[in-house]
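First up is the structure itself, then whatever we jot down about it.
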Amino acid sequence: MKLTEWTMEEQEQLIHFMTTNSWPFHGHEHPVRALIKKTIEEGGYKSDQVTTFWIENDAKEQVGLVKIFDLRDDIPLFDLRIADPYRNKGYGPKALKMVADFVFSLPEKKIRLEGNTRHDNFAMRKAFERTGFVKEAHLRQAWFSPRENRYYDAVIYGMTREDWQAGSSTPVLWDDAIVEAKESPFNPILLDFPEQFESERLVIRAPRREDAEASYEAVMRSLEAFRPWLPFAQQKPDLAQTEAALIEAAADFKLRKDLRLHFFLKDTGQFIGSTGLHRIDWEVRKFEIGYWVDSQFEGKGFVSEAVERITRFAFDELGANRVEIRCDPDNVRSRAVANRLNFELEGILRNDTVSRVDNKLHDTCVYAKIRQ
Numbered sequence: 001m002k003l004t005e006w007t008m009e010e011q012e013q014l015i016h017f018m019t020t021n022s023w024p025f026h027g028h029e030h031p032v033r034a035l036i037k038k039t040i041e042e043g044g045y046k047s048d049q050v051t052t053f054w055i056e057n058d059a060k061e062q063v064g065l066v067k068i069f070d071l072r073d074d075i076p077l078f079d080l081r082i083a084d085p086y087r088n089k090g091y092g093p094k095a096l097k098m099v100a101d102f103v104f105s106l107p108e109k110k111i112r113l114e115g116n117t118r119h120d121n122f123a124m125r126k127a128f129e130r131t132g133f134v135k136e137a138h139l140r141q142a143w144f145s146p147r148e149n150r151y152y153d154a155v156i157y158g159m160t161r162e163d164w165q166a167g168s169s170t171p172v173l174w175d176d177a178i179v180e181a182k183e184s185p186f187n188p189i190l191l192d193f194p195e196q197f198e199s200e201r202l203v204i205r206a207p208r209r210e211d212a213e214a215s216y217e218a219v220m221r222s223l224e225a226f227r228p229w230l231p232f233a234q235q236k237p238d239l240a241q242t243e244a245a246l247i248e249a250a251a252d253f254k255l256r257k258d259l260r261l262h263f264f265l266k267d268t269g270q271f272i273g274s275t276g277l278h279r280i281d282w283e284v285r286k287f288e289i290g291y292w293v294d295s296q297f298e299g300k301g302f303v304s305e306a307v308e309r310i311t312r313f314a315f316d317e318l319g320a321n322r323v324e325i326r327c328d329p330d331n332v333r334s335r336a337v338a339n340r341l342n343f344e345l346e347g348i349l350r351n352d353t354v355s356r357v358d359n360k361l362h363d364t365c366v367y368a369k370i371r372q
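Here full-length UniProt numbering is used: the first residue of the sequence shown is 1, the next is one more, and so on.
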C-alpha cells in the first residue's frame, strides 16, 4: 500500500469517489456533486493547510482517500475514508499508520496527530486502536446526523510524537475519576479483521453457502485419500448436508467461534481446498490449523502456501500467541507441511485418538509456532 498525493487535475475522479460511495458515519452520508465541487474550489482538499492522498493497494487500486488538514498547526487532524468494496479488509489500520508516518516525518516536527469518529463506528475505532492511537475523550451528544436528525456521542483519539517514535501507546490517566470504570470483558465478536486475503497463487477467504457444490465435488474426488485421517470422510458426503455445514461455518466465522477458510486459485477462481483456524482459545490467543486439499491438486505446494499465509494472518491480524498443527504420526503429508514451514515438534501424545484406519488407539504429533 502507499499514499499518492491528489492533484487538482483529478477533480472529477475525487467527485466520483465521494458521490458513488456511502459515508454513514460522516456528516453527509451521500454528498452531492455540487458540495464536493464547492469544497474543492474553496481549498478544502488542497491548500497550504490541507493535503489529500489517494490510498492505493498493491494492485494500484484506489481503495480510499485521506485528507490531512490544519497542517500549519502543531496538531494536524485527518479525515479517512475507505471505499465501500474495500471495507473490512484491513486497509484502515494500514492507512492510519501511513498517515502517522507522514505527519510525524514532516520537518516541522508535529506534536501530535488527532482524529475523531462517531462512538458506534466500531470499525474506525478498531483501526485507531490497532494503529496505536489512544482514546482521549468521549463527548456525549456531540455528533449530529442530518439524515436521522439526532445526536450521537463522539470519541476522540490521539497519537503523540513520543509514542510514534517509541512504537508504543501511553494510556490516559483519569486521575479525577470518581468511580473507576471496569473494563468490559473481551468479546471476540467485536474483533475486526479481513475475511479475505491472498498469497502468491491463492485467494483465501471465509466460507460461503455458494461454495457447497465445489466443496462437495472436491471431497467426492478425494474420499479415499481423506478416509484414514478425516472424520467427515467416513461416509459419502451429501450435497444438502455440505450446504448446511457451510451455512453453519459462515455463522461460526462471524461469531468468531471457528474460522474456517477456503482457498482458491487466484488466476482461475477454482476451489482447491479447505483450511482454517480451529479449537480457538481467545484468552490465550491459541489456534489450531487444519487443512485438506482436493486430490487433483496434491503435490503442488498449495497447502504449504495456504498454511504459511494463514499462520501469518493469525499472528499479524489476530494477535496469536500460539499456532498449532496436530496430526497422526503416520500422516506423512500433513507432517511434511509442518516441517516445511518450520513448526516445532513439541511432543507426541500417546494413545490420544482412535485411528480411522484400524479403529485402534493412535498417537498425535503436536507441532507449534509461538509469538517471538
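Ideal placement from N, C-alpha and C gives every residue a C-beta, glycine not left out.
These figures come from a predicted structure and were not determined experimentally.
Which residue wins for smallest C-alpha separation from residue i, given the options the options?
i, options, result
"SER145", "ALA233, HIS119, ARG333 and ARG33", "HIS119"
"SER355", "TRP229, THR268 and GLY158", "TRP229"
"LEU261", "LEU349, MET124, GLU42 and ASP211", "ASP211"
"GLU283", "GLY269, ARG256, ASP294 and ASP267", "ARG256"
"GLU41", "LYS60, LEU223 and GLU10", "GLU10"
"ALA34", "GLU12, ASN116, LYS46 and TRP54", "GLU12"
"ASN121", "HIS26, PRO185 and GLU344", "HIS26"
"THR39", "ASP58, VAL99 and MET8", "MET8"
"LEU65", "GLU114, GLY92 and ASP74", "GLY92"
"THR268", "ALA142, TRP292 and ARG201", "ARG201"
"TRP292", "PHE69, LEU341, SER222 and ALA249", "SER222"
"GLY43", "ASP70, PHE17, PRO24 and ASN21", "ASP70"
"ASP101", "PHE197, LYS89, PRO76 and GLU298", "PRO76"
"SER22", "TRP54, ASP74, ASP73 and TYR86", "TYR86"
"ILE36", "LEU14, ARG312 and PHE264", "LEU14"
"SER168", "ASN359, GLU129, ALA95 and GLY290", "GLU129"
"ASN116", "LEU139, PRO107 and PHE264", "LEU139"
"HIS16", "ARG335, GLN62 and PRO24", "GLN62"
"ARG322", "PRO194, GLU195 and GLN372", "GLN372"
"ASN88", "SER199, LEU190 and PHE78", "LEU190"
"GLY90", "ARG350, GLU317, SER199 and GLU344", "GLU317"
"ASP352", "ALA336, VAL366, GLU114 and LEU113", "VAL366"
"ARG114", "PRO107, ALA123 and LEU96", "Residue 114 is actually Glu in this sequence, not Arg. The residue with the shortest Cα to Cα distance from GLU114 is LEU96."
"LEU265", "LYS300, MET98 and PHE343", "LYS300"
"GLU224", "GLN296, TRP54, GLU243 and ILE280", "GLN296"
"PRO194", "ARG312, GLU298 and GLU183", "ARG312"
"ILE55", "GLN165, LEU239 and LYS2", "LYS2"
"SER199", "GLU29, HIS30, ARG350 and ASP58", "ASP58"
"GLU136", "VAL172, TRP143 and ILE111", "VAL172"
"VAL203", "PHE302, ASN339 and ALA320", "PHE302"
"GLY347", "THR364, ILE111, VAL99 and PRO107", "THR364"
"ALA244", "ASP79, TYR216 and GLU288", "TYR216"
"PRO188", "GLY319, ASN359 and ALA368", "GLY319"
"PHE315", "ASN331, PHE263 and ALA368", "ALA368"
Within 10 angstroms of the Cβ of residue i, are there 16 or more other Cβ atoms? Answer buried if so, exposed if not.
i, result
"GLU5", "exposed"
"THR170", "exposed"
"LYS236", "exposed"
"ILE310", "buried"
"ASP294", "buried"
"HIS362", "buried"
"ASP163", "buried"
"ARG81", "buried"
"VAL103", "buried"
"TRP174", "exposed"
"PHE186", "exposed"
"residue 380", "In this structure the chain extends from 1 to 372, so residue 380 is not present and cannot be described."
"GLY290", "buried"
"SER105", "exposed"
"SER334", "buried"
"ILE370", "exposed"
"THR131", "buried"
"LEU246", "buried"
"THR242", "buried"
"VAL99", "buried"
"VAL32", "exposed"
Below 8 Å on the Cβ atoms is my contact criterion, and I expect residue i with residue j to pass it. Report the Cβ-Cβ distance as a whole number of Å.
i, j, result
"ASP192", "LYS126", "4 Å"
"ARG227", "ALA233", "5 Å"
"PHE271", "ALA214", "4 Å"
"LYS109", "ARG147", "The Cβ separation is near 40 Å, so there is no contact."
"GLY158", "PHE133", "6 Å"
"GLY94", "ASP79", "Reading the sequence as shown, one finds Lys at residue 94 and not Gly. Contact doesn't hold; Cβ gap of about 17 Å is too wide."
For residue i, would you say it is in contact with chain C, using Cβ-to-Cβ distances shorter than 8 Å as the test?
i, result
"THR39", "Here chain C cannot be found, since the structure has a single protein chain."
*Is there contact between the segment 203-211 and the segment 321-341, where contact requires at least three CB pairs shorter than 8 Å?*
no
*Which full runs of the alpha helix (DSSP H) of 4+ residues lie inside the segment 29-91, going along the chain?*
33-41
*Between the segment 145-156 and the segment 47-58, do three or more beta carbon pairs fall short of 8 Å?*
no
*Which residue spans inside the segment 279-353 form an unbroken alpha helix (DSSP H) run of at least 4?*
302-317 and 332-340
*Tell me, please, whether the segment 290-306 touches the segment 264-281 by the rule of three or more beta-carbon pairs shorter than 8 Å.*
yes
_In chain order, each beta strand (DSSP E) run of at least 3 residues that lies wholly inside the segment 118-180_ = Correct list: 134-145 and 150-160.
_Which complete beta strand (DSSP E) runs does the segment 220-267 hold, if anything under 3 residues is left out?_
Here the runs fully enclosed are 259-265.
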